[in-house]
Amino acid sequence: MTRTVDPAIVGRDSRRTGLRAVPRPRTALLVAIVVAAASVLASLAGAGWGIGLVLMLLAIGVTVWATVAAVRRDSVLVAPLAIVLVAVLNPLVLSGLGAHIRERAGVITFAFDRGLVLWSTYPGIAGWDAPEDATPVNTTGLAQAEQRALRGTVEATTAAYGWVWSIGEGAAGVFRIANGYGGESLFERVDSPVWTSEDFDGSAPQRDLLLSSAQSAAAALELTTVTEAEGDVARGDGVRQWDDGAGGVMTLRVAGSRVTLRYTGGPFLSGSSSAAEYRLARSGFEGLEPPAPIEEPDLP
103 MTRTVDPAIV GRDSRRTGLR AVPRPRTALL VAIVVAAASV LASLAGAGWG
153 IGLVLMLLAI GVTVWATVAA VRRDSVLVAP LAIVLVAVLN PLVLSGLGAH
203 IRERAGVITF AFDRGLVLWS TYPGIAGWDA PEDATPVNTT GLAQAEQRAL
253 RGTVEATTAA YGWVWSIGEG AAGVFRIANG YGGESLFERV DSPVWTSEDF
303 DGSAPQRDLL LSSAQSAAAA LELTTVTEAE GDVARGDGVR QWDDGAGGVM
353 TLRVAGSRVT LRYTGGPFLS GSSSAAEYRL ARSGFEGLEP PAPIEEPDLP
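Sequence positions in the sequence shown follow the numbering used here and run 103 to 402.
In structure tokens form, the structure reads like this:
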């Protein structure tokens, strides 16, 4: 008996057999969603390049897979959607997008128990062990006090020995300290001008007046701890510092005829903030591992 086979039926059967080896568009889309979500989480968590490389290879694989599905299964919506998803949400694109976001909004991370964390609002300072409780400081009043105190030494040596003092070009005043994550902390620093004179002749009378007037300035600022940081100021070559143990430091440096005097203080909780405000702001970051800063905070 002769059996006749319809070529159309054979063609349909062959096509069905071939399609079994081609992934379904819905499966490709599901995998694309998983890869895209993992890429976003890895980017927010600051995962290393190793994880990023694996996810990038998976994204490329999904792109090839979905392209084949789109062509062989005539998918005009689901498979292309999978391709778009991994094309937009892959580690390479997210890295560039993350850099742009950090520039505009600061560091953003993800925590499973609280979602997105905006580190630009962190009240402390990157790399500095912020206290759990802090007392606000009248930094404007402190800046005025240190100016009066240091000027006392300047005026005493000028009146007695005709010393001429100059002020350095560095910034002086009260400055809010950046938190290192694209925003400002609640802390400030206080800087005096750097006073410099080249008129010290090394004599005992000039040395005694310089040291006694500097000691008076330190006492006025309640800087009670004295440290010979380098050399011996009393012998005309060294650095002496007075500090209050709370961030305020006055430094006297003598090098031959050159004398410099300055005050730096901080970090101090801004007088415009309150202890309660600081505790509330800090509570939102408790238990989190600080990310790498995007800028170096200007600590005293």
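Just so it is clear, CB atoms sit at the ideal spot from N, CA and C, and this is done for glycine as well.
Between the beta-carbon of Tyr283 and that of Trp230 there is about 12 Å, and that puts the pair past the 8 Å contact cut. Ile210 places its beta carbon 8 Å or farther from that of Asn281. Here the alpha carbon of Leu179 sits roughly 10 Å from the alpha carbon of Arg128.
Between Ala139 and Ile153, the C-beta spacing is not below 8 Å.
Taking 8 Å as the cut-off, the beta carbon of Thr298 is found closer than this to the beta carbon of Arg360. In this structure, the alpha-carbon of Trp267 lies about 19 Å from that of Gly275. Around the beta-carbon of Thr327, fewer than 16 other beta-carbon atoms lie within 10 Å, marking it exposed. In the three-state reduction of the DSSP assignment, Ile153 falls in the helix class.
Ile162 sits exposed, since fewer than 16 C-beta atoms from the chains shown fall within 10 Å of its C-beta. DSSP lists Gly340 and Val361 as the beta-bridge partner residues of Val356. Ranked by Cα distance from Gly264, the first of Val186, Leu323, Glu271 and Asp303 is Asp303.
DSSP places Ile185 outside any beta strand (DSSP E); the residue lies instead in the alpha helix (DSSP H), whose first and last residues are Val180 to Val190. Asp293 is not a Cβ neighbour of Ala322, given a cutoff of 8 Å. The C-alpha of Thr362 is placed about 27 Å away from the C-alpha of Phe289. Rounded to the nearest whole angstrom, the C-alpha separation of Gly347 and Ala378 is 23 Å.
Boundaries around Thr259 are those of the alpha helix (DSSP H), Thr241 to Tyr263, since no beta strand (DSSP E) includes it. Restricting attention to Leu401, Ala331, Ala316 and Asp310, the CA atom closest to the CA of Leu325 is found in Ala316. In the DSSP assignment, Arg278 falls within the unbroken beta strand (DSSP E) covering Gly275 to Ala280. When the beta-carbon positions are compared, Ala394 and Leu311 stay at least 8 Å from each other. In the three-state reduction of the DSSP assignment, Thr223 falls in the helix class.
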